[in-house]
Every structure is written in structure tokens, then in C-alpha cells.
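Taking it in order: structure first as C-alpha cells, then the write-up.
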Amino acid sequence: MKKWSTIGAKLILAFTGTTALLTVVSAVAWLTWSRLDGQVSELLENSVPKYNTSYLLESRSSEIRHRVQLLPTLTNRVEIDSLVVELSEQLAAVKAALTDVQTNPLDDEEAAILSELYLELEQTLSNYSHLVQQRVEQTRQINKLKEQINWLHQDIRSELTPIRQELHWLISRGEDGEERTIALEQLRTIQHVLDVESDVFSMTSDVMEAEQLAQVHNATKVIQYKLDELIKSSQPILTLRSSISYQQLIQELEVLLLPQGVFYLQALDKVALNHRIASLQEQIDTQLGEIHKQIAQVVKRADKTFVDVKKQTATLVSYGNHILIVCFSVSILMSLFLTYYFINRRIVARLTAISNSIDAITKGDLSHPILVDGDDEIGRLSEKLIEYGESVKEMQRTNAVSLINNTSASLLTCDLAGYVESANLSARRLLTMQGEVEQKLIWQSFEGNNQRILARVFKRSGTLFKEGRDEITLCVVGLTQCYLHFDFHLFSHGQLNKVIVTITDITEQALTAKELERRVAEKTRDLVEKNEMLCEEINERERAEMHLKKTQGELIQAAKMAVVGQTMTSLAHELNQPLNAMSTYLYSAKLSCESGNVAAVNKSIDQVESLSHRMSKIISSLRSFAKKPDAEQPARQLMLKDVVEQAITIVNTKAKRKMIEIDNQIDDSMDVFGNELAIEQVLINLLVNSCDAISELNASKRKITISALYSSDTHHVVAIEDSGTGFDTHIVEKLFTPFTTTKEVGLGLGLTISQSLMEKYAGHIYLASSLEKGALVILELPYAKS
Numbered sequence: 001m002k003k004w005s006t007i008g009a010k011l012i013l014a015f016t017g018t019t020a021l022l023t024v025v026s027a028v029a030w031l032t033w034s035r036l037d038g039q040v041s042e043l044l045e046n047s048v049p050k051y052n053t054s055y056l057l058e059s060r061s062s063e064i065r066h067r068v069q070l071l072p073t074l075t076n077r078v079e080i081d082s083l084v085v086e087l088s089e090q091l092a093a094v095k096a097a098l099t100d101v102q103t104n105p106l107d108d109e110e111a112a113i114l115s116e117l118y119l120e121l122e123q124t125l126s127n128y129s130h131l132v133q134q135r136v137e138q139t140r141q142i143n144k145l146k147e148q149i150n151w152l153h154q155d156i157r158s159e160l161t162p163i164r165q166e167l168h169w170l171i172s173r174g175e176d177g178e179e180r181t182i183a184l185e186q187l188r189t190i191q192h193v194l195d196v197e198s199d200v201f202s203m204t205s206d207v208m209e210a211e212q213l214a215q216v217h218n219a220t221k222v223i224q225y226k227l228d229e230l231i232k233s234s235q236p237i238l239t240l241r242s243s244i245s246y247q248q249l250i251q252e253l254e255v256l257l258l259p260q261g262v263f264y265l266q267a268l269d270k271v272a273l274n275h276r277i278a279s280l281q282e283q284i285d286t287q288l289g290e291i292h293k294q295i296a297q298v299v300k301r302a303d304k305t306f307v308d309v310k311k312q313t314a315t316l317v318s319y320g321n322h323i324l325i326v327c328f329s330v331s332i333l334m335s336l337f338l339t340y341y342f343i344n345r346r347i348v349a350r351l352t353a354i355s356n357s358i359d360a361i362t363k364g365d366l367s368h369p370i371l372v373d374g375d376d377e378i379g380r381l382s383e384k385l386i387e388y389g390e391s392v393k394e395m396q397r398t399n400a401v402s403l404i405n406n407t408s409a410s411l412l413t414c415d416l417a418g419y420v421e422s423a424n425l426s427a428r429r430l431l432t433m434q435g436e437v438e439q440k441l442i443w444q445s446f447e448g449n450n451q452r453i454l455a456r457v458f459k460r461s462g463t464l465f466k467e468g469r470d471e472i473t474l475c476v477v478g479l480t481q482c483y484l485h486f487d488f489h490l491f492s493h494g495q496l497n498k499v500i501v502t503i504t505d506i507t508e509q510a511l512t513a514k515e516l517e518r519r520v521a522e523k524t525r526d527l528v529e530k531n532e533m534l535c536e537e538i539n540e541r542e543r544a545e546m547h548l549k550k551t552q553g554e555l556i557q558a559a560k561m562a563v564v565g566q567t568m569t570s571l572a573h574e575l576n577q578p579l580n581a582m583s584t585y586l587y588s589a590k591l592s593c594e595s596g597n598v599a600a601v602n603k604s605i606d607q608v609e610s611l612s613h614r615m616s617k618i619i620s621s622l623r624s625f626a627k628k629p630d631a632e633q634p635a636r637q638l639m640l641k642d643v644v645e646q647a648i649t650i651v652n653t654k655a656k657r658k659m660i661e662i663d664n665q666i667d668d669s670m671d672v673f674g675n676e677l678a679i680e681q682v683l684i685n686l687l688v689n690s691c692d693a694i695s696e697l698n699a700s701k702r703k704i705t706i707s708a709l710y711s712s713d714t715h716h717v718v719a720i721e722d723s724g725t726g727f728d729t730h731i732v733e734k735l736f737t738p739f740t741t742t743k744e745v746g747l748g749l750g751l752t753i754s755q756s757l758m759e760k761y762a763g764h765i766y767l768a769s770s771l772e773k774g775a776l777v778i779l780e781l782p783y784a785k786s
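Numbering (the UniProt record's numbering), first residue to last: 1 to 786.
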């Protein structure tokens with residue numbers, strides 16, 4: 001065979017040419033991509049980082065603007081502090097980006113200008129946040145001042161009501177003379193005083209809502225004029241013995257509304273503070289605008305760099321494309337020639353012919369013609385295949401007998417009708433067959449039903465002929481009982497199909513399986529008996545649990561009744577005042593109706609309706625709280641602020657009597673998932689404990705605050721804080737133990753019941769101390785995720 005006539009030599013020549021073209025293409029591509037890499041590196045090192053930094057600064061500035069707009073809308077100090085911290089973090093991130101020499105892609109001049117702008121913004125934001133915090137505190141003071149004025153307004157009217165009743169009684173006796181005339185004059189004076197006092201109260205509300213200093217000054221002068229008129233008009237009333245309290249209230253109102261008093265100064269501070277906040281808002285908007293302009297300049301310069309690099313890249317890519325097109329054209333033409341002539345005709349066609357010859361030999365067709373075409377590797381392969389076909393013919397003659405005789409398994413072969421053609425010694429010994437077995441049906445070695453089972457295997461419609469395999473297990477009864485497993489498989493012998501049978505003695509496995517079934521039955525009976533005992537124990541535990549729930553419900557109801565008993569005295573006083581006022585308004589309505597004054601009648605009836613609604617709300621809250629539920633109450637979604645207000649309504653009578661302020665800071669949108677009566681019971685227990693703990697303090701320091709701390713993924717965390725001295729360290733760890741109390745009168749079950757109710761509805765309760773060293777109770781209330 002010649003050296004260059006082989007397929008390998010021809011392939012070497014072809015691949016050498018292809019490699020040369022590939023080298024040229026690679027060199028051009030390498031040069032092109034090297035240039036592109038340099039240009040892309042320039043963009044990545046200069047322009048892209050500038051874009052990233054600009055985007056970072058722009059997003060941070062937008063976040064700062066959003067938080068600045070959100071800051072004046074907050075009314076909670078905790079939320080304002082949290083937002084101020086977020087603003088500080090945003091500014092710190094901006095400073096870090098501008099001052100980091102290694103990662104900052106901006107020029108020194110750009111970075112210096114932006115740093116100076118952000119420094120000015122930081123100073124302005126610091127002043128702005130401080131003013132917002134001052135406004136929150138000022139709002140709290142103004143609300144307390146409004147509440148004090150409202151109390152004075154109600155107390156003045158409450159003090160004048162008995163005097164009016166006394167004068168009406170004198171007039172209604174029908175006696176003439178100087179005493180009746182004086183009573184009529186005093187009654188008119190009281191009505192005039194009430195009208196003037198109402199005008200004063202209405203003007204104080206207008207002053208608190210004023211937006212300009214001039215409005216505050218003018219309204220204060222009018223209030224002072226009305227107040228002088230009120231004092232002057234009240235002189236005839238002050239001569240009465242029953243007007244001592246009224247005189248004190250007028251004096252307190254006069255001190256509160258002095259031209260340079262607390263009311264006037266608070267109103268001036270509010271208007272001035274709002275003007276300063278508005279001015280700083282405009283200054284912040286201006287500073288953010290300057291920052292955005294500077295960032296836009298940085299982006300504009302980066303855009304110019306991008307455009308220049310794009311032009312250079314387009315020129316370089318166009319030059320490289322022309323060279324690559326020429327090389328690819330030559331490579332494609334060469335590939336088409338090699339594929340059609342050399343590979344398809346001289347290699348693939350000849351290999352296909354050899355493959356067909358191999359398939360024929362594999363299927364047993366040894367007469368298939370094999371052609372020898374050419375003097376290369378494929379030609380020599382055809383010669384070797386002819387030699388292999390001859391050797392296969394010889395092997396087929398001796399293969400089956402050698403396979404059966406040389407294996408230790410029990411094997412025999414049959415034709416498709418079931419006649420045994422060969423069997424090894426192990427199979428003969430297992431079936432106790434003697435002598436020659438050829439031309440004997442396989443099932444003739446067995447008796448009875450076993451013959452019919454084996455005969456069905458060799459039916460043409462059976463599984464053996466459909467799937468190529470089958471298996472059965474026979475029980476053979478002789479001197480001893482044994483089990484034989486038969487595996488039937490079709491196989492090809494030359495051009496004929498045969499059946500090979502593998503016989504396995506599985507007597508030991510079958511006996512073991514029966515013993516296992518007997519033991520499983522025994523274990524099953526034992527498990528059934530134990531299951532019945534377990535069901536009885538479960539029923540007993542369920543009865544005990546029902547009894548425990550009933551006892552716990554009665555204990556909770558007893559705790560509710562204890563709270564109701566503690567609030568009854570204060571509740572009587574709370575209801576007595578509206579009843580007296582209603583009596584006065586009804587009497588006034590009667591007089592107005594007799595005189596034909598319909599407007600006065602309607603006003604009196606509206607007052608009676610308002611007082612009736614107030615009494616109904618108190619009684620309804622107490623009745624709902626004291627009612628014992630008929631069954632287990634399910635958990636549902638609740639608005640926490642409404643539940644807190646309901647609890648405060650019940651405890652408020654006791655708190656007012658002890659001059660305790662209860663401040664509910666829960667947000668309107670906070671919802672929890674639980675039982676309304678259970679949460680209300682917990683809140684009432686804690687509020688009553690706080691009222692008892694701070695009742696001995698100075699009246700100005702008696703305060704209870706209910707506020708939201710934060711929210712986790714599953715719970716809202718609420719704090720109940722009082723202004724007392726906190727929990728004693730020697731007993732705080734025992735307060736959740738039943739019958740542990742620090743009160744002179746008490747069962748010591750309030751906190752225990754509260755803990756049980758919280759855990760029942762997946763909540764938690766903890767004891768702590770506030771920053772002012774007062775008692776602090778933490779409640780974790782679950783909420784339903786949307």
C-alpha cells in the first residue's frame with residue numbers, strides 16, 4: 001500500500017489546509033479583539049463607572065427627596081428618629097462613594113463639587129429634622145392645652161347648671177317681688193355668660209389653627225376682649241354662695257389665656273415653627289436640584305466618551321469583517337469538495353456497505369456478499385470481515401452445547417413446541433430425569449396440575465411469545481415438598497428461535513415467607529389491642545382538657561368581675577354627671593318650647609343625645625366586657641386601636657378619678673389576628689395594674705402610654721409603659737406565677753391569666769423597664785399576612 005493512498009494521509013492534507021485558513025482567521029480575530037478589548041477596557045474603567053456612580057447618586061438623592069417629603073407627615077418620635085437614621089445612612093453612602101479614591105471614577109473637580117453640595121444638604125437636613133421633631137413635641141403640648149381648655153369649658157357649664165336649676169326653681173314657685181326679679185336677672189346673666197364663654201372657647205380653636213402671626217395677634221386681642229366681658233358679666237353670679245368653684249374656673253381660664261400666657265406663646269411658636277419648616281423645605285428642594293444638575297453634567301461627559309469609542313470600534317470591525325469574509329469563502333469551498341467527493345463517496349458509501357454486511361452477519365445471514373473496494377484501511381476491513389463470517393459459522397455449531405454443559409445453573413433448552421433439546425446435569429438431577437431427554441415434552445416430567453400450568457406457557461397466545469419472557473412457580477410433592485421457579489426466555493440460535501429455561505429451587509425462601517406471614521398476623525393482632533387502649537387514653541385526656549378549659553373560663557370571668565367591681569364607684573360618678581346635665585338640658589328645652597324658641601330646643605336635645613350616646617358607649621363596653629362567652633371564641637382579624645380604645649373606655653373612669661392620663665399612640669392601620677375579648681381582657685388587666693402602681697405619685701407625673709414599637713414578619717410588638725417606679729427585682733421573676741401579687745388587696749391572677757390568653761392565640765407577653773425606669777410590658781400580637 002502506497003504511503004499517500006491511505007485515508008489517514010488524505011485527511012492529514014485536508015486538515016493541514018483547514019488549519020492554515022483557521023490560523024489566518026484567528027490572527028485577524030486576535031488583532032481585532034485586542035483593539036476592541038482596549039476600547040472596552042477604556043469604557044469600563046472610565047465611562048461605565050461614571051454611569052454607575054451617577055445612577056447611584058441619582059437614586060440616593062431620589063430616596064433622600066422621598067424621605068424628606070415623608071418626614072413632616074410623621075407624628076411619632078420613634079418613626080421620625082428611624083427616618084432620620086435612614087437619611088443619615090443614605091448621606092453616608094454618598095460620602096463613601098465620593099471619598100473612596102480606589103472606586104470613585106469621577107474627576108477631582110466633579111467629586112469636590114458634589115461633596116460640597118451633599119455637605120450643605122446634610123447640614124440643612126439636620127436642621128430640618130430637628131425642627132420636625134420640635135413640631136411633634138409642640139403638637140403634643142398644644143393637644144394637652146386644647147384638652148385643658150375643653151375641660152374648663154365643660155366644667156364651667158357643669159358648674160352653672162345647678163345654679164340655673166336653683167334659679168328656675170325660684171322662678172317656678174310663682175312668687176312676685178324683688179327676689180323673683182333678681183332671680184330672672186341672674187338667669188339672663190348666666191345665659192349671657194354661657195354665650196360669651198362659648199365664643200371664647202370657639203376662638204381658642206381658631207387661634208390654634210392660625211397660619212399667620214397677624215392672625216394670632218388679632219385673635220388673641222379679641223379673646224382678651226371677650227374674656228374681660230365674661231369676667232365683667234360674671235360679677236352678679238359671683239355673689240352666690242354656690243359659685244365658688246365657678247370663680248376658680250374663671251380665674252384658671254383667665255391665667256391660661258393671658259396675652260403673654262402659655263396659650264398665646266404656644267400659638268406664636270407653632271406659626272413660627274411652621275414658617276421655618278416651610279423655608280427649609282424650599283432650601284432642600286433647591287439643593288437637590290443643584291445636585292441633579294451636577295450629576296447630569298457628569299453623565300453628559302460620559303456620553304461623549306461613549307460616542308467617540310463607538311466610531312473607532314465601527315471602523316475596526318469593518319476592516320476585520322472584509323478579511324474574515326474572504327477566509328470563510330475559501331474554507332467553505334474546500335469543505336464542500338472534501339465532503340462530497342472524499343468523505344461521502346470514498347468513506348461514507350464504503351462504510352455503509354460494510355455496516356450492512358455486519359448487520360447481516362449479526363442476524364445470522366452468513367451468505368450476504370461482502371465487496372473489497374480499494375487498497376486502503378476500508379478495503380482491509382472488508383477482508384477481515386469475510387474471515388470473521390467464516391469463523392462465526394464454526395462457532396454456531398458448538399456454542400449452545402458448551403453454554404449449557406459448562407454452567408452450574410439448572411438450564412435446559414426447548415423448541416417452540418416444548419420439546420426438550422438439551423439439559424445440563426444440574427437440571428437432570430433437579431427434575432429426577434434419567435437417560436435421554438431429547439424429543440420429550442418438558443411438562444411430562446411432572447404430574448397433575450403442574451403439567452397443565454407448564455403446557456399453558458407454550459401456547460402461542462401466552463406471555464412468552466408476546467413479550468419474549470415468562471415465569472412461573474410450581475409446588476412439587478414427592479418424598480418432601482419443594483418449590484421450583486421457572487424462567488422462560490426466547491433466544492435466536494442461528495436463524496431459528498428457541499426457548500431457554502432456568503430452574504431455581506426456592507423451597508427455603510417460600511417456607512421463610514410463610515413463617516413471616518404468620519408472625520405479621522400475630523403482630524397485627526397485638527397492635528390492634530394496643531390501639532384500642534390508646535384510643536381510650538386519648539378520650540380520657542380530651543375530657544380532662546375540656547374540664548381545664550371550663551375552669552380557665554370561669555377563672556377569667558372571675559377576674560373580669562373583679563375589674564368591674566373596682567370600676568363601679570368611678571363608673572357611678574361618670575354616669576351621674578351626664579344624668580345631671582341631661583336633666584338641666586331637658587328643663588331648658590321645656591322652657592324654650594314654652595317660649596317658642598325652636599333653635600334652643602333643638603340645641604338642648606342635641607346635647608341630651610350626645611350625653612346619651614356617651615353613657616350608652618360606657619355601659620355597652622362594660623356589658624360586653626363582663627359578659628361570659630357561651631362557647632370558645634374564634635380568632636379573627638381586628639383593628640388594634642379599636643380594641644385599645646374599648647379597654648380604655650372601661651378603665652378610664654378609674655383613671656380619671658385618680659387623675660391619670662392614658663395616651664393611646666396605636667396607629668389606625670395596625671391590625672392583629674386574635675380574639676377581641678381576650679386581647680381586651682389582657683389590656684384591661686395591665687391598665688388596672690398600672691393605675692394602681694402610679695396612683696400615689698404626683699398628679700402631674702401620672703401617665704400611661706400605649707405605643708407600637710416595631711413589626712416583625714409575624715407579630716406586631718406593642719409596649720404599655722407607665723411613669724411609676726417599675727417592677728421590684730426580687731419579685732419580677734415570680735409575677736407570672738399564680739397568687740403572686742404586690743397589692744394589699746388582690747388574688748395575683750391577672751398576669752397569669754394574661755399570659756395564658758396571649759399564648760392561647762399565638763402571642764407573647766414580657767416584663768421590662770422603660771428608659772425612665774418605669775414599668776414596661778411588651779406584647780407580641782400576631783397578624784394575618786396579606
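The C-beta atom is built at its ideal place from N, Cα and C for all residues, glycine as well. Everything numeric in this text was worked out from a predicted model, so none of it was measured.
- For secondary structure counted as the alpha helix (DSSP H) over 4 or more consecutive residues, the segment 22 to 99 holds these complete runs in sequence order: 48 to 70 and 77 to 99.
- Inter-residue distance for S610 and S604 is about 10 Å (C-alpha atoms, whole angstroms).
- By the Cβ neighbour-count rule, K530 is exposed, with fewer than 16 other Cβ atoms within 10 Å of its own.
- As the crow flies, the alpha-carbon of I231 is around 40 Å from that of Q646.
- Here G320 carries a helix assignment [DSSP, helix/strand/coil].
- One alpha carbon belongs to F458, the other to A417, and they sit about 6 Å apart.
- Check the Cα spacing between T53 and each of A302, E179, L268 and V207: the tightest is with A302.
- Counting along the chain, F673 sits inside the beta strand (DSSP E) bounded by residues D671 to G674.
- With contacts defined by Cβ atoms closer than 9 Å, C691 and A655 form a contacting pair.
- The Cβ atoms of Y128 and V68 lie closer than 9 Å to each other.
- Under the three-state reduction of DSSP, M334 is assigned to helix.
- When DSSP states are grouped into helix, strand and coil, H716 belongs to the strand group.
- Checking the DSSP bridge columns, you'll see H613 has no partner listed.
- Taking 9 Å as the cut-off, the Cβ atoms of H730 and V672 do not count as close.
- As summarised for the segment 237 to 283, the continuous alpha helix (DSSP H) elements at least 4 residues long and confined to that stretch are 244 to 256, given in chain order.
- Taking one beta carbon from each stretch, the segment 679 to 699 and the segment 721 to 730 have 3 or more pairs nearer than 8 Å; the two touch.
- Per DSSP, H730 has no beta-bridge partner at all.
- Here Q665 carries a coil assignment [DSSP, helix/strand/coil].
- When DSSP reads this structure, T705 sits in a beta bridge with D663 and E721.
- Per DSSP, reduced to three states, the secondary structure at P782 is strand.
- With a beta-carbon spacing of about 6 Å, E229 and V196 fall inside the 8 Å limit used to define contacts.
- Exclusion of the five residues before and after A510 leaves Y483 as the residues of its chain whose Cβ lies within less than 6 Å of its Cβ.
- Rounded to whole angstroms, N449 and G462 show a C-alpha spacing of 18 Å.
- The Cβ-Cβ distance between V608 and I706 does not fall below 9 Å.
- By a beta-carbon distance limit of 8 Å, S234 contacts I250. Their separation comes to about 6 Å.
- When Cβ pairs closer than 8 Å are counted between the two stretches, the segment 143 to 152 is seen not to touch the segment 163 to 172, the count staying below three.
- Taking a contact to require three or more Cβ pairs closer than 8 Å, the segment 204 to 214 and the segment 263 to 274 qualify as touching.
- Secondary structure of Q637 (DSSP, three-state): strand.
- Leaving aside the five residues that flank K311 on each side, none in its chain has a CB nearer than 6 Å to its CB.
- Straight-line spacing of the CA atoms in P72 and R65 works out to 12 Å.
- According to DSSP, residue pairing for D470 in a beta bridge involves F488.
- Separation of the CB atoms of Q186 and I244 is rounded to 16 Å, and the pair is thereby denied contact status at 8 Å.
- Under the three-pair Cβ rule at 8 Å, the segment 283 to 295 does not count as touching the segment 214 to 224.
- Pairing T99 with S318, the inter-Cα distance amounts to about 42 Å.
- In the same chain as N685, and ignoring 5 residues on each side of it, the C-beta atoms closer than 6 Å to its own belong to G750 and S754, in chain order.
- As the crow flies, the alpha-carbon of L735 is around 41 Å from that of D155.
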